[in-house]
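Asks: In terms of the numbering used here, the sequence shown opens at residue 577 and continues consecutively.
Using N, Cα and C, we set each Cβ at its ideal position, and we do this for glycine too.
In this text the structure is predicted, and so the values were computed from the model without any measurement.
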Amino acid sequence: MEAKSFNLFDKKMTVHHIYIAEKHNFYGHHGKDPGDYPMIELDEVECEKGMGIIGDRFYNYKPDYKGQITFFSLEVFEDIGKQFGLADLCPSVFRRNIIVSGTDLNSLIGKAFSVQGIDFLGTQEAAPCYWMNGAVAPGAEEAMKGRGGLRAKILTSGTLRKESRTS
Numbered sequence: 577m578e579a580k581s582f583n584l585f586d587k588k589m590t591v592h593h594i595y596i597a598e599k600h601n602f603y604g605h606h607g608k609d610p611g612d613y614p615m616i617e618l619d620e621v622e623c624e625k626g627m628g629i630i631g632d633r634f635y636n637y638k639p640d641y642k643g644q645i646t647f648f649s650l651e652v653f654e655d656i657g658k659q660f661g662l663a664d665l666c667p668s669v670f671r672r673n674i675i676v677s678g679t680d681l682n683s684l685i686g687k688a689f690s691v692q693g694i695d696f697l698g699t700q701e702a703a704p705c706y707w708m709n710g711a712v713a714p715g716a717e718e719a720m721k722g723r724g725g726l727r728a729k730i731l732t733s734g735t736l737r738k739e740s741r742t743s
């Protein structure tokens, strides 16, 4: 797949939350109970080219892995919370690394883009699975179809930071 360049400026995409997990709760647990490894919220993470987020469960997972980092839309998170009447829903329940606002993540599939000076390649939707029905609410998997977030490869190393914006 040939990547098309697409530059995101900080004004368009804001990083609201950053999460890592040391181990998997759902991935590789089909037919078993989920794990109980928490998502850890951080103010910043080190993204390593071709490897992933240092300290995350997918770091150095396998060569050329398409999900070295995942992005999820704050707008989708808020919509799911409203749709299911979950006022106390936390974005970590979706088990995505970077919660952002200001862009259509699906538009980045197959494209190279930059966030805070770090280059990424959007590879595919982080499609929701049946575990979302238990982690969020019955029907969440269906409600998230086409809105599950973005899997990406890390093309350049750097530090990604949570932002606080009032504008």
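Consult DSSP for Gln659 and reduce its assignment to one of helix, strand or coil.
Replies: Along the sequence shown, read from residue 1 onward, the residue named residue 659 stands at position 83. Helix, per DSSP.
Asks: Checking the sheet assignment: what are the DSSP bridge partners for Ser690?
Replies: Here residue 690 corresponds to residue number 114 of the sequence shown, with the count starting at 1. BP columns for Ser690 point to Asp695.
Asks: Below 7 Å CB to CB, which residues in the same chain sit around Met577 once its five sequence neighbours on both sides are set aside?
Replies: The residue you call residue 577 lines up with position 1 of the sequence shown. In this predicted model, Met577 has a pLDDT of only 44, less than 50, meaning its place in the structure is not dependable; the value taken from the coordinates is given anyway. Closer than 7 Å at Cβ, skipping near neighbours: Gly686.
Asks: I need the straight-line Cα distance from Cys705 to Glu717, nearest angstrom please.
Replies: Position 129 of the sequence shown, counted from the first residue, corresponds to residue 705. Position 141 of the sequence shown, counted from the first residue, corresponds to residue 717. Cys705 and Glu717: Cα-Cα distance of roughly 6 Å.
Asks: Do Leu731 and Asp694 count as a contact pair if the criterion is CB distance below 9 Å?
Replies: Here residue 694 corresponds to residue number 118 of the sequence shown, with the count starting at 1. Here residue 731 corresponds to residue number 155 of the sequence shown, with the count starting at 1. Sequence inspection shows Ile at residue 694; the Asp mentioned does not correspond to that position. Yes; because the gap between Cβ atoms is below 9 Å, this pair is in contact.
Asks: Check Leu731 in the structure and name its three-state DSSP category.
Replies: Residue 731 sits at position 155 when you count from the first residue of the sequence shown. Reduced to three states, the DSSP call for Leu731 is coil.
Asks: Contact between the region 618–625 and the region 650–668: three or more CB pairs below 8 Å?
Replies: Segments in contact, no.
Asks: Using a Cβ-Cβ cut-off of 6 Å (strictly less than) and excluding sequence neighbours within five positions of Phe568, which residues of its own chain qualify?
Replies: The structure shown does not extend to residue 568, since the chain spans only 577 to 743, so no value can be given for it.
Asks: Since Phe696 and Ile645 should fall inside the 8 Å C-beta cutoff, what is the C-beta to C-beta distance between them, to a whole number of angstroms?
Replies: Along the sequence shown, one-based indexing puts residue 696 at 120. Along the sequence shown, one-based indexing puts residue 645 at 69. Confirmed, about 7 Å.
Asks: Hey, quick one: how far does the beta strand (DSSP E) through Glu622 stretch, first residue to last?
Replies: Position 46 of the sequence shown holds residue 622. Per DSSP, Glu622 belongs to the beta strand (DSSP E) from 620–624.
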